[in-house]
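Reviewing the structure listed below.
Protein chains in written order, with this note's numbering: chain U, 72 to 483; chain B, 8 to 167.
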């Protein structure tokens, strides 16, 4: 009985997927764009993680006020931009998947394994990262921890991939040089060796700027298509982070100016199970320092000097909203119990449970006179969904650390 | 002779990048089990495998099939028109993919001030604008491309 030759089979399959648009030059250009967006995601993600889980050397910038709005807006927008870029990049190298034999040597096997890890991690990271912005969690693993550790795997894989492919990247970095080499190869005739930009497919015309084959598109046209697609997905979603793009916000989960008091809500009072405690007439805020303890009713807090601040609330999911806040300076409350202004705090919410029930506030925010225990938002008393009767608002912190429904403030 | 890609600095750069990359990968892989239990890790691996299967087994073959169809349609068009047609469909497909996930999330996890948009209507409008813009561009290119050839034809007809 005749046994099919796997090499011939995979070659036939590869021929089915062959496209003259594919070339190493195309892959290198897409790889540059993708490496940039992955790097932006990685660095802004580390910044956000550092703010929430600060290592001993962490710095806490409080200026400009929009620093976290910008960094997390960039994080989510670069992640969304990475979706079409990754799809295009993987398309450009798809025939490599069908090469036979799949493993030629130990080093080749290791390289393919690292690429498999890179691709699988990247596809998962972008998909779950996008769906996380929708606050929907259909997967059987914790998002935050997985997102963090996979980020290291992906960025490491990116560096390793660049190391392995550096000769090909360098040979195809300069577009003019690649096109000149391709033209030279074409002039030599079809029997000549392909230029450095080629990876497959005999019809090189499309890749050489001599005009694509009928019905096909050139490398430049493909790249333009990817650029337009990337622009479209970013422009129609980034309006949740950047107000100047909000008129184009068609596909983001959040819209600026929506929600109670024209500010979106992340964790609701129902989620936090605080409605009864927060609306109880018995509510008071306890501030402690060593053996000193003072309690402030809502009337007491309103009787203290009130300050107005225009500050954005910026969420880890990327949305943000500028708002007017009014309340008591946190440093005034710290002084009221005899503590120095440059103190660290532990703030507790009325929430009976949850990862953000307790919040640590480094001294940089405590001494900042713009950090408030806010009692009003946009000209009226805080809505229960925004943390009534009192919440924290500070500059440059993730929304999850702007603790709502305050219960205690401990000076450490 | 050393080529630009095999010089000492390039070799050194490759070594630094490779070692740094391997260290970061190891850090991430070793960190995962410190916060994820066995069931979580199995779930994670399953989702990773599904993501690859879905991409390699469905998304790329479907896009290749669509590309083959477009080659036939596009071969009757000017190269610029064929590129606009492909680019418009690529943009529409990716935006639809993202919006499809958004619509599914909306049916599962809509909350106060989140996922409140009429995304299906927005997607229809997006496609309408995309189709009109692409059609107008293709029409203009085809018309401009036809004009010189028609002139050429008429010149031929006047020759003795």
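C-beta: ideal position from N, C-alpha, C; glycine also.
Check the Cβ of residue i against every Cβ in chain B and list those closer than 9 Å, keeping chain order.
{"i": "residue 217 of chain U", "result": "39, 42, 43, 47 and 51"}
{"i": "residue 326 of chain U", "result": "120, 123 and 124"}
{"i": "residue 383 of chain U", "result": "What residue 383 of chain U touches in chain B: nothing, since even the nearest Cβ is about 16 Å away."}
Just to confirm the assignment, what range does the beta strand (DSSP E) spanning residue i have?
{"i": "residue 367 of chain U", "result": "363-368"}
{"i": "residue 379 of chain U", "result": "378-385"}
{"i": "residue 244 of chain U", "result": "Element bounds for residue 244 of chain U: n/a, residue is neither H nor E."}
{"i": "residue 572 of chain U", "result": "Because chain U here runs from 72 to 483, residue 572 of chain U falls outside it and cannot be looked at."}
{"i": "residue 455 of chain U", "result": "Note, residue 455 of chain U: premise wrong, no beta strand (DSSP E); not H, not E."}
{"i": "residue 478 of chain U", "result": "477-482"}
{"i": "residue 448 of chain U", "result": "443-448"}
{"i": "residue 186 of chain U", "result": "Taken as a continuous stretch (DSSP letters only), residue 186 of chain U belongs to no beta strand (DSSP E), being part of the alpha helix (DSSP H) at 177-203."}
{"i": "residue 356 of chain U", "result": "355-360"}
Determine, using beta carbons only, whether residue i and residue j come nearer to each other than 8 Å.
{"i": "residue 360 of chain U", "j": "residue 408 of chain U", "result": "yes"}
{"i": "residue 216 of chain U", "j": "residue 42 of chain B", "result": "yes"}
{"i": "residue 86 of chain U", "j": "residue 112 of chain U", "result": "no"}
{"i": "residue 363 of chain U", "j": "residue 400 of chain U", "result": "no"}
{"i": "residue 316 of chain U", "j": "residue 59 of chain B", "result": "no"}
{"i": "residue 480 of chain U", "j": "residue 358 of chain U", "result": "yes"}
{"i": "residue 110 of chain B", "j": "residue 126 of chain B", "result": "yes"}
{"i": "residue 211 of chain U", "j": "residue 46 of chain B", "result": "yes"}
{"i": "residue 145 of chain B", "j": "residue 72 of chain B", "result": "no"}
{"i": "residue 293 of chain U", "j": "residue 92 of chain U", "result": "yes"}
{"i": "residue 467 of chain U", "j": "residue 139 of chain U", "result": "yes"}
{"i": "residue 394 of chain U", "j": "residue 404 of chain U", "result": "no"}
From the beta carbon of residue i, is the nearest beta carbon of chain B less than 8 Å away?
{"i": "residue 191 of chain U", "result": "yes"}
{"i": "residue 287 of chain U", "result": "yes"}
{"i": "residue 456 of chain U", "result": "yes"}
{"i": "residue 352 of chain U", "result": "no"}
{"i": "residue 90 of chain U", "result": "yes"}
{"i": "residue 267 of chain U", "result": "Only weak support exists for where residue 267 of chain U lies, its pLDDT of 44 falling under 50; the value from the coordinates is given anyway. Chain B contact via Cβ: absent."}
{"i": "residue 171 of chain U", "result": "no"}
{"i": "residue 177 of chain U", "result": "no"}
{"i": "residue 367 of chain U", "result": "no"}
{"i": "residue 121 of chain U", "result": "no"}
{"i": "residue 138 of chain U", "result": "no"}
So, does the CB of residue i fall closer than 8 Å to a CB anywhere in chain U?
{"i": "residue 67 of chain B", "result": "yes"}
{"i": "residue 59 of chain B", "result": "yes"}
{"i": "residue 139 of chain B", "result": "no"}
{"i": "residue 89 of chain B", "result": "yes"}
{"i": "residue 31 of chain B", "result": "yes"}
{"i": "residue 131 of chain B", "result": "no"}
{"i": "residue 105 of chain B", "result": "yes"}
{"i": "residue 20 of chain B", "result": "yes"}
{"i": "residue 25 of chain B", "result": "yes"}
{"i": "residue 64 of chain B", "result": "no"}
{"i": "residue 54 of chain B", "result": "yes"}
{"i": "residue 162 of chain B", "result": "Reliability of the predicted coordinates at residue 162 of chain B is poor, the pLDDT of 42 falling under 50, and no value is obtained from them."}
{"i": "residue 147 of chain B", "result": "no"}
Determine the chain U residues that contact residue i at a beta-carbon separation under 7 Å, and present them in chain order.
{"i": "residue 152 of chain B", "result": "Near residue 152 of chain B there are no residues of chain U at all, since even the closest Cβ is about 13 Å away, more than 7 Å."}
{"i": "residue 112 of chain B", "result": "202, 205 and 207"}
{"i": "residue 108 of chain B", "result": "201 and 202"}
Throw me the rounded Cβ distance for the residue i and residue j pair, which I believe falls under 8 Å.
{"i": "residue 375 of chain U", "j": "residue 366 of chain U", "result": "That pair is no contact at about 13 Å."}
{"i": "residue 115 of chain U", "j": "residue 143 of chain U", "result": "7 Å"}
{"i": "residue 348 of chain U", "j": "residue 446 of chain U", "result": "Their Cβ separation, rounded to whole angstroms, is 17 Å, which puts residue 348 of chain U and residue 446 of chain U out of contact at 8 Å."}
{"i": "residue 413 of chain U", "j": "residue 426 of chain U", "result": "Their Cβ separation, rounded to whole angstroms, is 27 Å, which puts residue 413 of chain U and residue 426 of chain U out of contact at 8 Å."}
{"i": "residue 35 of chain B", "j": "residue 224 of chain U", "result": "4 Å"}
{"i": "residue 204 of chain U", "j": "residue 101 of chain B", "result": "Going by Cβ atoms, the distance from residue 204 of chain U to residue 101 of chain B rounds to 17 Å, so no, they are not a contact pair."}
{"i": "residue 28 of chain B", "j": "residue 230 of chain U", "result": "3 Å"}
List the residues of chain U that residue i touches, going by C-beta distances under 8 Å, in chain order.
{"i": "residue 115 of chain B", "result": "207 and 209"}
{"i": "residue 101 of chain B", "result": "154, 155, 158, 300, 303 and 304"}
So the alpha helix (DSSP H) residue i belongs to, where does it begin and stop?
{"i": "residue 341 of chain U", "result": "340-343"}
{"i": "residue 55 of chain B", "result": "45-61"}
{"i": "residue 88 of chain B", "result": "86-116"}
{"i": "residue 111 of chain U", "result": "95-123"}
{"i": "residue 46 of chain U", "result": "Given that chain U is displayed from residue 72 to residue 483, the structure contains no residue 46 of chain U and the question cannot be resolved."}
{"i": "residue 136 of chain U", "result": "Note, residue 136 of chain U: premise wrong, no alpha helix (DSSP H); not H, not E."}
{"i": "residue 70 of chain B", "result": "67-81"}
Under 7 Å Cβ-Cβ, which residues of chain B neighbour residue i?
{"i": "residue 228 of chain U", "result": "28 and 32"}
{"i": "residue 224 of chain U", "result": "32, 35 and 36"}
{"i": "residue 165 of chain U", "result": "67"}
{"i": "residue 329 of chain U", "result": "120 and 123"}
{"i": "residue 486 of chain U", "result": "A query on residue 486 of chain U cannot be resolved here, the shown segment of chain U reaching from 72 to 483 and no further."}
{"i": "residue 283 of chain U", "result": "86"}
For residue i, which residues in chain U fall below 9 Å Cβ to Cβ?
{"i": "residue 17 of chain B", "result": "237, 238 and 241"}
Cβ closer than 8 Å: which chain B residues qualify as neighbours of residue i?
{"i": "residue 221 of chain U", "result": "35 and 39"}
{"i": "residue 296 of chain U", "result": "90, 93, 94, 97 and 98"}
Beta-carbon of residue i versus every beta-carbon of chain C: anything under 8 Å?
{"i": "residue 335 of chain U", "result": "Among the protein chains of the structure shown, namely U and B, there is no chain C."}
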